[in-house]
Each structure stands twice: as structure tokens, then as C-alpha cells.
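S.K.: One structure, pasted below without further comment.
Protein chains: 2
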Amino acid sequence: MNDIQTINVLKGLVIDGVSKANSGHPGGAMSSMDFAYLLFSEYLKFDPDNPGWLGRDRFILSAGHESMLIYSLLQHVGWLEMDDLKKFRQLHSRTPGHPENYMTPGVECTTGPLGQGAAMSVGFAIAARHLGAKFGTEVFKQKTWVLMGDGCMQEGVTLGAASLAGHLKLDNLVWFYDRNKIQISGQIDRSVSDDYQKIFEGFGWDVLEVDGHDHSKLREAMDHAQSTGRTQPLLIIGDTTMAKGAFSMEGSHKTHGAPLPPEEKAKTKEKMGLKDEEFYAPEDSINHFRRNFDKLRSEVKQWHAMLDEKMKDEGFSELYRQCFESDFSHLKDIAWDRSKPVATRNAFGDVLESWADQLPNLMGGSADLEPSNMTGAFAKKVGDFDRDHHGNRNLAFGVREFPMSAICNGMALHGGVIPFDATFLSFADYSRPALRLGAIQKVRVIHEFTHDSFYLGEDGPTHQPVEHVMSLRLIPDFLVMRPADAFETQVLMKTALVEKRPSAICLSRQKLPILDIDLDTVQNAGRGAYVVQDTEAEPNVILIATGAEVALARATAAELTDLNVRVVSMPCWKIFDEQPQEYRDEVLPPRMVKRVSIEAGVTLGWQKYTGSMGLNIGFDQYGHSAPAGDLEKLYGFTPDQTAKKVRDWLAQI
Amino acid sequence: MNDIQTINVLKGLVIDGVSKANSGHPGGAMSSMDFAYLLFSEYLKFDPDNPGWLGRDRFILSAGHESMLIYSLLQHVGWLEMDDLKKFRQLHSRTPGHPENYMTPGVECTTGPLGQGAAMSVGFAIAARHLGAKFGTEVFKQKTWVLMGDGCMQEGVTLGAASLAGHLKLDNLVWFYDRNKIQISGQIDRSVSDDYQKIFEGFGWDVLEVDGHDHSKLREAMDHAQSTGRTQPLLIIGDTTMAKGAFSMEGSHKTHGAPLPPEEKAKTKEKMGLKDEEFYAPEDSINHFRRNFDKLRSEVKQWHAMLDEKMKDEGFSELYRQCFESDFSHLKDIAWDRSKPVATRNAFGDVLESWADQLPNLMGGSADLEPSNMTGAFAKKVGDFDRDHHGNRNLAFGVREFPMSAICNGMALHGGVIPFDATFLSFADYSRPALRLGAIQKVRVIHEFTHDSFYLGEDGPTHQPVEHVMSLRLIPDFLVMRPADAFETQVLMKTALVEKRPSAICLSRQKLPILDIDLDTVQNAGRGAYVVQDTEAEPNVILIATGAEVALARATAAELTDLNVRVVSMPCWKIFDEQPQEYRDEVLPPRMVKRVSIEAGVTLGWQKYTGSMGLNIGFDQYGHSAPAGDLEKLYGFTPDQTAKKVRDWLAQI
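Protein chains in written order, with the UniProt record's numbering: chain A, 1 to 653; chain B, 1 to 653.
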């Protein structure tokens with residue numbers, strides 16, 4: 001067997017997988033196979049016996065629809081069985097329609113939504129460079145290799161992430177752009193005339209253009225990627241032919257998202273010299289593919305020996321432990337002056353600053369809202385991660401919300417760092433696709449969203465979140481937290497830290513009083529909801545509030561002293577829903593139906609807790625540009641107005 | 001008065017406006033003023049007596065936080081009063097924190113969320129070019145001028161929109177990038193090293209770099225913008241100084257988002273030779289600013305005379321009427337074969353194809369999902385709008401969802417065209433910021449979202465919408481429609497056409513049976529919800545469903561013949577909520593509490609209609625990659641399973 005023959009075997013697997021599933025994307029996988037094969041068989045550093053080896057190069061298939069490409073490679077590596085390939089796109093198989101890292105060994109991240117694999121790769125590269133600075137570049141010298149298609153290149157998130165990668169001079173990042181110029185709707189020239197060489201040079205990248213089917217040129221490009229002395233991320237543009245090797249359909253966009261027709265399939269296999277056999281993968285092909293495995297194994301062995309040696313240094317091993325284990329028992333709490341109101345964004349900033357020393361793997365920053373998100377003290381303490389300071393831990397993301405959150409997903413997936421990011425809550429819409437993809441992958445990323453309601457005031461309706469808190473609550477496996485004061489903020493930040501899913505912490509611009517409850521009680525914020533004020537008698541009205549409106553709920557209760565009012569703070573719905581029934585019934589007694597929600601956002605959704613006959617005090621329209629105090633009155637968020645609403649409602653039910 | 005003095009007067013207004021509000025962004029407004037002043041006083045074509053003149057150049061302040069810049073200019077134009085400037089950022093003023101087109105004459109679109117003004121401008125330029133092709137470039141020769149800052153340039157949506165503008169060779173589009181290199185978090189070099197000249201040349205733009213304070217260079221650049229023979233969009237990079245003209249704070253990022261300190265303010269005014277007077281704007285300054293108004297007025301007069309002349313041609317005037325008036329009474333309905341199931345995405349495609357002939361101003365396309373969104377027949381009929389075919393009406397957007405929807409917002413705001421766009425529902429997350437900004441501006445854009453549930457099958461969790469329908473419902477003034485069959489699709493498309501707000505039409509990949517109801521009844525889909533199947537006796541259970549699940553609800557009812565089951569199709573919540581109470585009570589009788597929702601998406605939110613004790617059949621997790629039929633069974637969406645759930649629930653309440 002030689003390279004060409006092995007490549008043809010791999011292409012045969014792609015064709016068969018898609019045909020058997022009667023669904024999938026063969027064309028791009030075939031155009032990318034020359035590069036992918038050479039990468040896997042000659043360049044990619046990995047441990048054939050352990051897909052999780054920390055020192056491995058990462059390979060990211062940003063063009064996730066080409067999933068059969070990576071599955072056929074992983075079958076040749078030995079991490080997937082032929083049976084897996086036969087179950088392509090079938091229920092509970094290890095070969096889903098798009099690569100899912102939680103389903104398949106050797107898949108680094110979930111891709112499919114275009115551009116996000118590329119953007120996540122920047123996070124991988126940042127994490128690797130940072131760990132290299134911390135533990136030695138001989139330990140963490142891994143590269144991140146990305147395979148992208150025309151579609152990925154058209155996404156704004158790709159361009160934004162590329163711009164940041166160029167700025168940071170991430171020389172450990174290599175993107176291979178398989179330019180086959182075909183997409184679902186036909187030739188890319190219907191939509192694109194970009195000169196990517198120029199554009200990426202403008203972003204500060206090193207760019208090579210090669211014939212993507214010429215192995216010597218591809219090897220030259222990858223040798224260049226591995227050469228020392230380079231100081232920029234590298235884009236290799238490989239000009240290729242869609243469905244390369246197909247009998248008569250080379251270049252056809254009909255191969256993009258559908259199996260080859262049966263006759264074309266047969267003739268293609270014949271043309272490629274493949275046996276007329278489904279899922280044909282002879283031993284020879286696999287052996288040829290694995291020709292460098294011994295070398296890889298010996299490199300991995302050396303790496304472990306080197307690490308063992310380094311571990312003998314106590315400082316090294318202690319830092320290593322702190323970065324790769326999740327032990328937060330040592331964290332010291334902040335005790336704010338209870339008499340002084342604190343905006344929860346400031347509380348977040350205070351905790352972040354304190355954690356900067358206590359968590360050496362905490363790394364992140366703001367999308368150019370540092371003084372508003374209160375991440376400045378952290379930034380000052382740990383310095384900007386930049387081209388010359390890979391050991392620093394603040395990321396000055398620029399105005400790039402979506403790349404930012406995707407990059408944080410990549411950092412979390414790489415491991416060794418705990419990423420956070422920050423912007424205004426209103427701009428959570430910009431990063432939303434990454435929030436969802438983070439939740440699908442269950443990565444621990446802490447998203448700080450400040451200016452969490454119309455109380456931000458003058459910036460007006462574009463900046464005032466209305467539907468955002470609720471819309472984030474809808475994302476499965478995504479935690480939305482809206483703490484009521486500084487202490488709740490601290491409790492919930494710790495919850496976010498120990499969780500194995502992403503969290504959004506929604507914070508006030510305005511100052512909020514410290515709740516008049518003891519520190520033990522406030523720990524219950526970590527249970528999602530708890531009673532912050534009760535009545536001696538059986539309560540006959542429950543006010544449920546979140547964030548800033550908890551103080552309003554208490555003030556409302558103070559106007560309703562003739563009633564027996566309980567006030568519940570409910571900073572995280574999802575966690576509350578996961579508590580034992582007993583606890584939930586304790587906080588919200590099932591028989592107790594007179595329930596009121598108070599939240600400065602849309603009311604739709606609150607009926608879950610108040611019932612459809614409950615009272616939902618909220619805000620279901622766009623705001624206005626005006627000082628917060630004026631808006632508060634206009635929108636009915638003063639205690640006298642809320643108390644009146646409660647009374648009117650009680651009178652009417 | 002001369003230019004410099006007038007500019008200083010304008011800067012004084014900026015400084016005073018921000019100071020009085022004690023909130024706002026003076027620094028960027030001051031760095032941009034040289035360009036903006038020259039543009040407004042010498043280059044911009046507008047009718048001083050009518051902000052709505054159709055032939056006007058459009059000016060878009062993409063750096064919306066510099067709002068005092070445009071307000072001071074509009075005060076000089078005469079469309080705002082000095083009193084308006086004094087009410088900057090105050091409740092109900094015409095000078096909100098960020099420019100809102102619905103508040104202020106002379107503001108073309110709402111900006112503030114960075115990058116979207118730039119992206120919308122591409123839509124303005126497309127609409128202008130298209131109308132030029134239709135009615136003569138002597139009628140619609142307007143340019144779109146955009147002022148952007150460093151933040152705008154960093155947003156992915158800007159880069160994606162620029163890429164498309166370059167491809168389309170929109171030579172009527174001019175972006176001025178005020179490169180003052182300062183943003184909220186400090187110098188931009190913390191985050192950016194982009195060579196924008198190279199990048200934009202790579203996008204196919206004409207690029208000039210000038211000293212943004214040198215009037216002769218600025219005039220040269222704008223003369224170039226107005227010269228004939230150019231064939232590309234133009235980017236003018238103006239190198240400027242933050243807070244240009246300030247006494248001691250030039251270049252300081254502290255002027256980005258806060259008033260100048262009192263002493264700095266006084267000394268700055270002194271330095272600029274301004275009277276020590278708040279909101280100082282002498283007659284002389286205003287007269288100098290308006291020195292070209294007579295010329296402008298005479299040009300506008302000529303334009304109207306020319307248009308009147310052209311209107312004498314009946315074909316011209318009829319087409320003009322069709323494009324600028326909203327008369328849809330002539331639309332012919334499609335009558336699908338009732339015996340054959342039709343995917344609602346196909347129904348949408350059928351209607352679109354039919355409208356292609358009937359609506360000469362319908363214009364739009366897909367983000368490279370043409371064969372999946374079924375917009376191909378439309379595209380074939382009307383041809384791609386490209387650099388050589390401005391009269392064509394299909395837009396091949398490429399994989400650029402967010403730019404696409406922002407561009408559609410811009411087209412709608414320009415007027416004369418009815419824009420639509422298309423992608424998978426899952427990728428509504430990508431365009432979400434534009435969906436919201438369209439709703440804030442109440443633009444009529446029809447967003448087609450296909451593959452609207454896990455029923456898309458094999459593509460798996462990244463592509464399967466779960467929370468999307470509900471999360472779109474949360475956006476104020478945004479209509480979410482999920483039709484149950486082909487006929488409902490047609491009814492709702494017409495609703496979307498006559499609405500003065502954006503609509504999302506969520507459509508199935510899978511085939512759906514035509515509901516067995518008459519055509520008069522199906523018109524009630526336009527009321528948001530209606531009874532599609534009833535029982536002769538008083539109903540004792542109501543099944544409420546949307547989209548594909550309406551057929552499932554009917555099949556479920558068929559399993560529950562011993563009960564009196566009503567089935568309600570509820571394709572658009574918002575429209576239903578806006579119906580008279582009487583109608584709503586008719587569909588969902590208030591006393592009737594046994595309510596079940598069936599929708600293949602998150603259940604949170606449905607409690608609004610079912611109460612918290614109702615049964616919500618839905619899908620609250622990420623999906624799997626597998627054939628739809630397997631998922632249907634696994635997730636409990638077969639009639640026997642749903643019927644069993646209803647029975648179990650009834651037994652328990």
C-alpha cells in the first residue's frame with residue numbers, strides 16, 4: 001500500500017458511510033482527504049494508545065459536516081471500529097452527523113455550526129501557549145491544526161477570531177483551508193470574491209497557497225508549519241476539487257450534502273482501484289496509515305519521562321496540580337461592609353481580583369468593556385496575555401463577543417485553564433451561538449454579563465436587556481444566575497466554578513443593598529432559590545424575585561405588612577429545579593398558589609412558578625433612554641407601585 | 001464664521017450635551033467631527049425641508065454611542081431644536097443615548113450594538129442600486145455614507161458585511177473609519193493589529209488612508225467617493241485623535257464614555273474660542289453650516305420634476321406604485337393537492353416562487369442553504385443580484401447569517417423593497433442581534449427558518465433547534481410563526497407581508513399532512529390561534545400545538561375518542577395575545593383548565609397557556625443524530641405515547 005491507495009481506502013469509507021446512512025457530506029471530505037491523511041499519518045503528534053494525552057496536537061474539523069472524514073481517519077488510527085462507521089448518523093452511535101467530542105474519542109470539540117471550530121481553535125492555541133509559558137514549552141509544545149471549508153471562511157466569527165489570533169501571534173495555530181469553491185448553493189463565486197491571502201496577511205497571518213492535492217506541496221507547507229522561527233499563525237490555502245476522485249462528479253455541488261448515486265459510487269470505487277466491497281479497509285491500508293506509530297509512541301514515552309522528572313520539583317508539581325485538578329476548598333471569601341450598597345458587577349470584580357491570586361489557572365477578560373464589567377483589577381494584577389507575555393492571564397478580547405465566547409469554549413476544552421469572559425447582557429445575543437455550543441459540550445466557562453436590565457438607564461433600548469435573562473434560561477445545560485447582592489454573587493461564582501457546564505452571571509450596573517440575612521442563609525443561593533424573608537404566620541403571598549428585584553420585593557413586602565408575605569430569591573432556576581422535591585416544596589409550598597414574580601425582564605416563562613393566574617411583574621417592551629430613576633417610576637418598579645399591583649391582583653382573584 | 005469655528009461650535013454642543021446628561025461619549029464625536037461636518041455641509045445630498053426625501057443620501061452613524069455628534073449636526077440642519085440637545089438621554093426626548101430612527105428625524109437607523117450600522121448600510125446600498133436599475137440611476141443615485149469607529153471594525157458582522165459588499169461591488173457605499181485608536185479599555189493595540197488597508201482590499205474595496213483632521217485630504221477623499229468610474233465600495237480610513245480639540249485630554253480613553261471634567265470643559269471651550277455659554281450656537285455658525293442649502297433645494301426640485309416627468313409613463317408609475325405602496329390585494333393563492341403531504345419549507349418555496357412574479361419588490365435569499373430553504377425556484381426566476389445585475393432580486397448571501405439579517409434590516413429601512421432571508425432555525429442564534437434590532441426598528445423583514453425541530457434528524461444536536469422557537473417569542477415586537485401545514489404557511493406569509501414588524505416563519509424539513517379543515521377556517525391562522533378540531537360536546541381537554549405537532553395533536557385526539565378533545569393550532573402567540581378577549585376566550589375558554597401543549601421544543605413558557613398544572617409535552621434537552629423516525633419514538637412524539645401522557649396526567653390531577 002502507498003499513500004494514494006490508503007487515501008482511496010479512506011475515501012471509500014467516506015462514500016460508504018454516507019451511502020449507508022443515506023445522509024451526509026461526501027464531497028468536501030473527499031477534497032480534504034489528501035491533507036487530512038498526510039496530517040494524521042505524518043505530522044500530527046498524538047498517543048495512539050491514549051486520545052486524552054495532554055501533550056497531543058489538537059485537530060479540529062471546523063467543517064463539521066465533513067464528519068465522515070474524521071471518522072474514517074479515527075478508524076484507521078484505531079479509536080473507532082468499522083462497526084461505528086456502519087452506524088454513521090444512527091441513534092447513539094459514536095459517529096453522529098457532526099463531530100461531538102462527548103461521543104467520539106479523538107474528536108476535540110463539537111463542530112457543525114460553521115466558523116466555531118475555527119474560533120474555538122484560537123482558544124486551544126491560547127491555552128497551549130499559556131501552559132507552555134507556565135510549565136515549559138518543551139512540555140506544552142502542541143500545535144492546533146484546523147480543517148475548514150469555504151463556509152467556515154465566510155462566517156464573521158472566523159474573521160474576528162483570525163484577527164485576534166494574528167494580533168496575539170499564535171504561531172502554534174495552523175488553519176488548513178480546503179478551497180474547493182463549492183458550497184450547498186453552488187459555486188462560491190455567487191457570494192464571495194475574497195482574496196484570503198491578502199485578508200489574512202492583513203490580520204497578521206503567515207499565508208501559503210498550495211495545490212491541495214499535491215502531496216509534496218502539502219508536505220512543504222506542513223514542514224513550514226513545524227519549522228522553528230515562525231512567529232505568526234499560519235493559514236494554508238489548499239486549492240482542491242470537490243469530490244476529488246469521483247468518477248464523473250468531481251467539482252459538483254451535488255456531492256456536498258448527499259450520497260453519491262449508486263452508479264457513480266460503483267464507478268468511483270472502480271476508478272480508485274478499490275475492491276467492490278462495502279466498508280473496505282484492508283490490513284495493508286491500516287498498517288501503512290500507522291507507519292509512524294512507533295515513533296509517536298516513543299515520543300510520548302519521552303514526554304512522560306520528562307514530565308515525571310519535572311514533577312520532582314515541588315513548585316512545579318503543586319502548580320500543575322492546581323491547574324489540572326479542581327480543588328477550590330482553599331478559596332477565601334470576601335466580607336463586604338454590610339452597610340454599603342454594592343453593584344453586583346463590582347462584587348464580581350472584587351471576587352475576580354481576589355481569585356486572581358488564588359486560582360492560578362483563571363484566565364479571561366472582557367470584550368472591550370473592562371471598566372464597565374469591572375475586570376480591570378484582575379487585568380492589572382495578571383497582565384494582558386499578548387504576543388510577548390504568554391504567562392499573563394487577562395485577555396483583552398476587543399469588541400468581539402462571539403469570537404470571545406467561542407475562544408473560551410476552546411480554552412476550556414483544551415484544559416488546564418478556567419476561562420471567563422465578559423460583556424453587557426444585551427450583547428449575549430452576539431455570543432449566543434457559542435453559549436449554546438458550550439452548553440452542548442458541557443464546558444465550564446463563566447460568562448459575566450453586566451448591565452442586566454433597564455436600570456442601566458441612558459444607553460437606551462439597544463443596550464437594555466429585556467428578554468435576555470429568560471432567553472438564556474431556555475438553553476439546555478446552561479446555567480443562568482442573577483444574584484441579588486454582593487454575597488449572593490460570591491456564592492454563585494463558586495457554584496459556577498464547580499459546575500461542569502457553562503454559567504452566565506447576570507449583574508447589575510446599579511448599586512444594590514446587601515440583603516439583611518446571615519452568611520449561612522445566603523449559601524442557599526447555591527441551591528437556586530431560597531427564602532430570604534419570611535413571616536411568622538403561614539405566608540399567604542409569596543414574592544419570587546431575582547437579582548436587583550429581590551431588594552424591591554423586600555421593600556414591597558414592607559408595604560404589605562397586613563399580609564403574610566414570604567420573599568424568595570431565585571437566582572438560578574435550573575439549579576433550583578434540580579433540588580430534591582422536598583426542598584423545592586419547602587421554598588415554594590405547592591398548596592400556596594398566590595405567587596408573584598418580580599423581575600425587570602419579560603414575564604413569559606414566570607408562569608412556570610406562579611401559575612397562569614399568578615401575578616407577573618416584569619417588563620415586556622423595549623426600554624427608553626433615560627436616567628434609571630425615571631425608568632423605574634415609568635415602568636412601575638417602585639415599592640409603592642409594586643405593592644399596589646399586588647393588592648389590586650389580590651382584590652381581583 | 002469659517003469651517004473650523006463651526007466645527008468648534010458643534011464640538012461645544014457635544015461637550016455640553018454629554019455634560020448636562022452627565023452621561024455619553026464625547027471623545028469619539030470630537031475625533032469624527034471634521035469628517036462629519038464636511039460631509040453634512042458639502043457632500044451629503046438631502047432635502048433640508050424633508051428628512052424623508054426618497055432620493056437622499058443616507059448617513060449612518062454605526063458608532064452609535066457618538067450620538068451627540070449627529071444630534072449637533074441635526075440641530076444645525078434644523079431638524080432638531082436646541083431644546084432637544086438639552087434633553088440628551090432624557091425620557092421621551094428626541095435625543096436618546098443611541099440614535100433611534102423612530103425618535104429622531106434624520107436618523108436612518110438605530111445603532112449602538114456595534115457593527116450593525118455598517119452591516120445595515122450594505123442593505124441600504126443594495127436597495128439603492130436595485131431601485132436604480134429599476135427606475136433609472138438618475139432617480140436613485142444616492143450614496144450611503146457610514147461613520148464607524150474602532151469598535152465597529154472589530155465586529156465580525158462588519159467584516160462579513162464588508163466581504164459581501166466587496167463581492168457585489170457596491171460602489172455607492174462609503175465607509176469612513178474614524179481611527180482614533182482608543183476604545184473603552186484603552187489603546188486598541190491591546191486587542192488589534194489589523195492592517196485594514198490590506199484586509200479591505202482583500203474584500204474587494206477601494207481604500208484610502210488620510211489624516212482625518214486635514215480638511216483638504218478629507219475633501220479629496222470625498223471627491224473621490226463622488227467621482228464616476230469607480231467600481232468598488234470605498235473605505236476611507238481617517239487617522240484621528242480622540243477628543244480632538246480638548247484642552248489636555250486629547251487621546252485619552254477617559255473621554256470615551258464620560259463627560260469632560262468641568263475644568264477641562266471650560267479650558268477646552270476657551271481653547272476652541274467658544275463663548276463661555278452652555279449650548280452656544282450662534283446664527284453665524286448655523287448659516288455657515290447651511291451655505292449649500294440653496295443648491296441642495298434646487299437639486300431636490302429638479303429631482304421631483306424629473307420624477308414627475310417619468311411618472312407620465314404608465315409602466316414606470318405602476319411599477320413605482322407597486323414598489324412603494326403596500327397593496328397585496330391582488331395576490332393569488334396556491335391550492336395544494338390536499339391529499340399529498342407537503343413540508344412547510346416547500347410550501348414557503350412555492351409561495352415565494354409565485355410571489356416572485358406578483359411582488360416586483362420582493363428581494364432576498366438564503367445564507368447558502370438555497371436547496372434546503374427551498375428558495376431556489378425564486379432564485380432561478382429572478383436571478384442573482386450581482387455586480388452586473390442590479391435589477392435581479394435573489395441575494396446569494398453566502399454563509400453569513402448575521403450580516404444577512406442586518407442587511408435585510410437596512411433594505412427595509414431604505415424602502416422600496418420587501419426583504420426576506422433564510423437559514424436553518426438553529427442558526428437564528430447567529431442572526432439574533434439583527435432580529436432584535438429589526439424588531440426595535442419595527443421593520444418588515446420576513447425571516448424564513450427551516451428545519452425547525454429535532455425532526456431534521458441526522459444532522460444532530462448542533463442543528464436541531466430546541467429552545468429557538470420559544471426564545472424568539474421572547475423578543476418584543478417580533479412575530480414568531482410556526483405554521484401547521486402548507487395552507488397555514490401561505491396565510492401566515494401574507495400576515496408577515498402586511499405587518500409592520502419583523503416575522504420569523506419556522507418551517508418543517510419533514511412532510512406534513514394538509515389539515516383537514518376548510519380554507520375559510522385556515523384563515524384564522526392569521527389570528528394567531530384557532531380551533532382546528534373540536535368535539536360536539538363541551539370539550540374537557542384542549543390540546544394546543546404548533547407547526548408539525550398540530551398533526552400529532554390531531555392524531556393524539558384520535559386516540560382519545562372517549563374524551564371530549566379540542567385541538568387548537570397556535571402558530572403565532574403574539575398575534576393571538578393581541579386578539580380581542582372575546583376571541584381568545586372562544587379559542588381557550590377561561591374555565592377550561594385541562595390544557596396540554598404539544599411542541600417539539602422547550603416547554604418553559606407554555607405554562608402561560610396551560611397553567612403550571614397543565615401538561616406540557618415538549619423537548620427540553622439536546623437531540624441526537626439519528627433518523628427522524630427513531631428520534632420521534634425516543635422523545636415520545638408518537639400518538640400512542642402522547643395519548644398515554646395525556647391519560648396519565650388526567651389520572652393524576
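Note that beta-carbon positions come from the ideal geometry of N, C-alpha and C, so glycine has one too.
(1) So G28/B packs on R89/B, CB below 8 angstroms; how close in whole Å?
(2) DSSP three-state call for A36/B: helix, strand or coil?
(3) Can you list, in chain order, the residues of the segment 342–372 of chain A whose Cβ is nearer than 8 angstroms to any Cβ on chain B?
(4) At least one CB of chain B closer than 9 angstroms to the CB of G438/A: is that the case?
(5) Would you mind telling me which residues of chain A sit closer than 7 angstroms to K608/B, beta carbon to beta carbon, in chain order?
(6) Would you tell me roughly how many angstroms separate the C-alpha atoms of G457/B and A221/B, rounded to the nearest one?
(7) For D516/B, which three-state DSSP category applies?
(8) Need the endpoints of the alpha helix (DSSP H) that F348/B sits in, please.
(9) Kindly indicate the opening and closing residues of the alpha helix (DSSP H) around T495/B.
(10) Can you find a C-beta in chain B that's less than 9 angstroms from the C-beta of R89/A?
(11) Mapping DSSP to helix, strand and coil, what is R94/A?
(12) If we ignore side chains and look at the alpha-carbon of each, how far apart do E100/B and G629/A end up?
(13) Here's a check: name, in chain order, each residue in its chain whose Cβ is nearer than 8 angstroms to the Cβ of L515/A, leaving out the five neighbours to either side.
(14) Quick one: give me the first and last residue of the alpha helix (DSSP H) that residue 655/B is part of.
(15) Rounded to the nearest angstrom, what separates M33/B and F59/B at their Cα positions?
(16) As an exercise, report each continuous alpha helix (DSSP H) stretch of at least 4 residues that is fully enclosed by the segment 244–288 of chain B, in chain order.
(17) Which residues, taken in chain order from the segment 7–41 of chain B, show a beta carbon closer than 8 angstroms to some beta carbon of chain A?
(18) Are there three or more Cβ pairs, one per stretch, closer than 8 angstroms when the segment 95–114 of chain B is compared with the segment 388–400 of chain B?
(19) Can you pull out the residues from the segment 179–194 of chain A whose beta carbon lies closer than 7 angstroms to at least one beta carbon of chain B?
(20) Buried or exposed for R527/A, please, with buried defined as at least 16 other CB atoms from any protein chain shown within 10 angstroms of its CB.
(21) Between which residues of its own chain and K265/B is the CB-CB distance below 7 angstroms, once the five residues before and five after are set aside?
(22) Which whole-angstrom value describes the C-beta separation of M148/A and S62/A, a residue pair presumed to lie in contact below a C-beta threshold of 8 angstroms?
(23) Where L159/B and G160/A are concerned, what is the direct C-alpha to C-alpha distance, given to the nearest angstrom?
(24) Starting from the Cα of I544/B, find the closest Cα among S372/B, R595/B and S67/B and give me that residue.
(25) Apart from the five residues just before and just after H98/B, which ones in its own chain have a Cβ nearer than 8 angstroms to its Cβ?
(26) Check the Cβ-Cβ distances between V596/A and every residue of chain B, and say whether any is below 9 angstroms.
(27) Would you list, in sequence order, the uninterrupted alpha helix (DSSP H) runs of no fewer than 4 residues that lie entirely inside the segment 349–411 of chain B?
(28) Which residues in chain C have a C-beta closer than 9 angstroms to the C-beta of V568/A? List them in chain order.
(29) By Cβ distance, which residues of its chain are closer than 8 angstroms to Q187/A, with the 5 residues on each side in sequence left out?
(30) In terms of DSSP beta bridges, what is C506/A paired with?
(31) Find out if the Cβ-Cβ distance for the pair E559/A, P639/A is shorter than 9 angstroms.
(32) Can you give me the Cβ contacts of V192/B inside the same chain, cut-off strictly under 7 angstroms, excluding the 5 residues immediately before and after it?
(33) Closest to E201/A by CA distance: which of W79/A, I70/A and L235/A is it?
(34) Between V646/B and M592/A, what straight-line distance do the alpha-carbon atoms span, to the nearest angstrom?
(35) To the nearest angstrom, report how far apart N373/A and T95/B are at their CA atoms.
(36) I want to verify the contact list: residues of chain A whose CB lies under 9 angstroms from the CB of G202/B, in sequence order.
M.R.: Short version:
(1) The Cβ separation is near 16 angstroms, so there is no contact.
(2) helix
(3) S366, D368, L369, E370, P371 and S372
(4) no
(5) L604, Q607 and S612
(6) 54 angstroms
(7) coil
(8) T344 to Q358
(9) A486 to V498
(10) yes
(11) coil
(12) 21 angstroms
(13) A484, D485, F487, E488, V522, V532, V550, A551, R554 and S569
(14) In the structure as shown, chain B starts at 1 and stops at 653, and residue 655/B therefore has no counterpart that could be examined.
(15) 14 angstroms
(16) 262–271
(17) A21, S23 and G24
(18) no
(19) Q183, I184, S185, R190, S191, V192, S193 and D194
(20) buried
(21) I15 and S19
(22) 4 angstroms
(23) 8 angstroms
(24) R595/B
(25) G64, H65, S67, T110, T111 and G112
(26) no
(27) 370–373 and 376–382
(28) Absence of chain C from the displayed structure is noted, the protein chains being A and B.
(29) K181 and H253
(30) F449/A
(31) yes
(32) Q154
(33) L235/A
(34) 25 angstroms
(35) 26 angstroms
(36) D194, D195, Y196, Q197, K198, I199, F200, E201 and G202
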